[in-house]
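Here is the structure we will look at.
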Amino acid sequence: MQIAHQNWPAVEHYLTTRSVLLIPIGSTEQHGPNGLIGTDHLVAESLARSVGEEMGILVAPPWPMECLTTTWRFPDRPLFPRKH
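Counting the sequence shown from 1 gives a position; our numbering is that position plus 26.
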């Protein structure tokens, strides 16, 4: 069950009867010149969907993020303020 595919009454009902929500988290970063920028969060989302389907757990939209300073030079990373 994905939140994005539910209406709000269905989500409200789920949250009043269950206390588990899967939130797929994965970085958005380069994977070489041929790799997909979203590889990490796409894998996390796929795994969360599989687990959610198997166990009847609601799955939130993916949270694509990264905090690695080694990837800050690439233009695809989320923009978080840098501290110097």
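Each residue gets a CB set at the ideal place from its N, CA and C atoms; glycine is no exception.
Between the alpha carbons of Pro35 and Glu80, how many angstroms are there, rounded? 22 Å
Nearest to Gly78 by CA position, among Ser53, Thr42, Ile49, Thr65, is which residue? Ile49
Check the C-beta distance from Met91 over to Ser53 and give it rounded, since I have them as a contact under 8 Å. 6 Å
Glu38: buried (16+ other C-beta within 10 angstroms of its C-beta) or exposed? exposed
Starting from Pro41, follow the alpha helix (DSSP H) in both directions and report where the run begins and ends. Looking at the sequence itself, residue 41 is Leu, so the reference to Pro does not match. Note, Leu41: alpha helix (DSSP H), 34-43.
Could you give the DSSP three-state label for Gly78: helix, strand or coil? helix
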